[in-house]
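Just so you know, the protein sequences line up as chains A and B, in that order. Be aware that the first sequence starts at 78, since it is given in the working numbering, and climbs by one per residue. Be aware that the second sequence starts at 78, since it is given in the working numbering, and climbs by one per residue. All C-beta atoms, glycine included, are put in the ideal place defined by N, C-alpha and C. Note that this is a predicted model, so its numbers are computed, not measured.
Protein chains: 2
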Amino acid sequence: MRVAVLCGGVGAARLLRGLVPLVDGPDLTAIVNVGDDLELHGLHVSPDLDTITYTLAEAVSAERGWGLEGETWQAMDMVKRYGGVDWFGLGDRDLGTHLFRTHRLGQGATLHEATAEIVAAWDLDLHVLPVTNDRLRTLVTTVDEGEITFQEYFVRRQHDVAVTSVRFELAEGLLPAPGVLDALAQADVIVVAPSNPVVSIDPVLVVPGVTELLRSRRDDVVAVSPIIGGKALKGPADRLLVELGRESTAVGVAEWYREIIGTLVVDDVDASLTADIEAHGVTCVVAPTIMSDLKKATALGQVVLNASASR
Amino acid sequence: MRVAVLCGGVGAARLLRGLVPLVDGPDLTAIVNVGDDLELHGLHVSPDLDTITYTLAEAVSAERGWGLEGETWQAMDMVKRYGGVDWFGLGDRDLGTHLFRTHRLGQGATLHEATAEIVAAWDLDLHVLPVTNDRLRTLVTTVDEGEITFQEYFVRRQHDVAVTSVRFELAEGLLPAPGVLDALAQADVIVVAPSNPVVSIDPVLVVPGVTELLRSRRDDVVAVSPIIGGKALKGPADRLLVELGRESTAVGVAEWYREIIGTLVVDDVDASLTADIEAHGVTCVVAPTIMSDLKKATALGQVVLNASASR
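As structure tokens, then:
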């Protein structure tokens, strides 16, 4: 069975971790958001790609959910001494990844090539693809600061600020990275991870060809709701949905994705929303969706694969 | 008394450390080689500027003579995991300096502005100036690899390779950094630090205006020989002098600098060379020149200042 997963960061990484025991590595492709990539201190930082790699390598910081275990902060301490940009913390080990990626990009490698090298160095055999090699940036318009980059919103402002709109800045002639459309076309199941629909999955969907492909394969697309009991487990998905005029519930998620998904997996606590979700033409599957350990993540992975297979 | 010092890395840093107790900070200006700067992993690395700053801040690694005390190597360990460029070691603390410098250059700051901010953050009150804000690179032609950059020669090859020539690649329209020519014009004493004449001081001298100014003030210029008993204390100065057809002695140093210095301070062990040095029209001063501690460095600093004052 071939599986392609549209991914943001932490939630996607956990679902992928649950799929790894169920799907042969070469048949599993993560298609990852790069809208929150940033250039910092001259380095190219790809937070979602790294969260996925570190999580699957069992090297992620369990405490933070991102970054590396055993991390130290010597470089950032020095940056602080100089009064430099310190609102985006880069651990010393993590910096090694950014140094390597930046070096390879400087040599003319593409982001998907650099990513493949990083993933291979962690002995992972799934495909981890940036959705595009071209520049794509998520920009957030805030009430008090106007338009700022995603990381300024998410990290510097701790997403504690009202948002009026989100848009994506795409390089002219932006294309999907090699392998992205193939993986979506050939997958038996396409999964939309429980990532933020507005700022993690939408920047994947705006890449030319992706939404069109999902629409044409809608029956094979299964999303997992990132909203549980009206709340996001992590991050501002709940708040953003409301600020953009939607409902912060699994129903709101079904409505957001209705044109591209055939099935939505919602948490047990949202079982009562089944009829409202199906009113949007989306099959609703109810299951435990909080992936607090590998066993639970794998159980959810199985639900996702079954949800598609049973259609 | 105002003092300007032409500087490479370790030897210059030690002499400056000896001058700091003798000269008011604002009257002391280090004019520093940037020919061995490099772009690595997207970062701008300025080894000689940093060696001087770290040494004067009493933060330099006593063991290595460069880099920082209390250093860790987590980022480089990751770069190695990825099979990245690992022949030039960047410690985690040291990386903070490169991150800040690269960030400031990316914002449009000049190298001398970024350097002033770094120096101030270490609570130093002397002026540390890159000789130029423009791109200047030292290139070394080796017998077996052809032309390579200075750091490829010095670090990757451990300067253990025969050299046939050295040249400097200068940006078109390259200018001295603001303050450089003023400091040289207004100094009571101009010091040429005991750095490598070929690859540390020559790239300072090629910057337009510097050599002309030294020539016109030759009587006020005092060099300290980096060659002691025919050997360089550190690095390949001895070998390079021979490979470029000179003599690896204090006499060879006097000959190399004869047009721009009035006085050469040589080590006690080279007292017998006085007549040969003075045959080049250079006054010879004999003193202990090995700066193994601050006391010895300060004593040498005093010799250098007296050497000029007594003329």
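Listed by chain order, chain A residues near residue i by CB distance under 7 angstroms
| i | result |
| --- | --- |
| L172 of chain B | A152 and L172 |
| L120 of chain B | G119 |
| T149 of chain B | T149, Q151 and D169 |
Beta bridge counterpart(s) of residue i as assigned by DSSP
| i | result |
| --- | --- |
| L213 of chain B | B:L247 |
| S242 of chain A | A:T218 |
| D344 of chain A | A:A364 |
| V284 of chain B | DSSP lists no partner for V284 of chain B. |
| V298 of chain A | A:I267 |
| A309 of chain B | B:I304 |
Residue i, enclosing beta strand (DSSP E) - first and last residue
| i | result |
| --- | --- |
| L317 of chain A | From DSSP, L317 of chain A is part of no beta strand (DSSP E) but of the alpha helix (DSSP H) over A314 to E320. |
| G329 of chain B | Not the beta strand (DSSP E): G329 of chain B falls in the alpha helix (DSSP H), residues A327 to Y334. |
| T360 of chain B | T360 to A364 |
| V276 of chain A | Looking at the DSSP string, V276 of chain A is not in any beta strand (DSSP E), and its letter there is neither H nor E. |
| V82 of chain A | V80 to C84 |
Beta carbon proximity, residue i to chain A, threshold 7 angstroms
| i | result |
| --- | --- |
| V156 of chain B | yes |
| G102 of chain B | no |
| D169 of chain B | yes |
| G329 of chain B | no |
| A112 of chain B | According to the sequence provided, residue 112 of chain B is Gly. The question's Ala does not apply to it. Answer no: the Cβ-Cβ gap between G112 of chain B and chain A never drops below 7 angstroms. |
Residue interval of the alpha helix (DSSP H) (run including residue i)
| i | result |
| --- | --- |
| I354 of chain A | T351 to E355 |
| L291 of chain A | V287 to S293 |
| A254 of chain B | Neither: A254 of chain B is in no alpha helix (DSSP H) and is coded neither H nor E. |
Short CB-CB distance (under 7 angstroms) between residue i and chain B
| i | result |
| --- | --- |
| T179 of chain A | yes |
| V162 of chain A | yes |
| G183 of chain A | yes |
Chain B contact residues for residue i, given Cβ-Cβ distances below 8 angstroms
| i | result |
| --- | --- |
| Y159 of chain A | G173, T174, F177, E194, I195 and A198 |
Test: residue i CB closer than 7 angstroms to a CB of chain E
| i | result |
| --- | --- |
| H121 of chain B | No chain E appears in this structure, whose protein chains are A and B. |
With a floor of 3 residues, list each beta strand (DSSP E) that falls wholly inside the region 88-164 of chain A, ordered by position along the chain.
105-109, 115-117 and 120-122
May I have a chain-ordered list of the alpha helix (DSSP H) segments no shorter than 4 residues that lie completely inside the region 167-230 of chain B?
169-183 and 188-198
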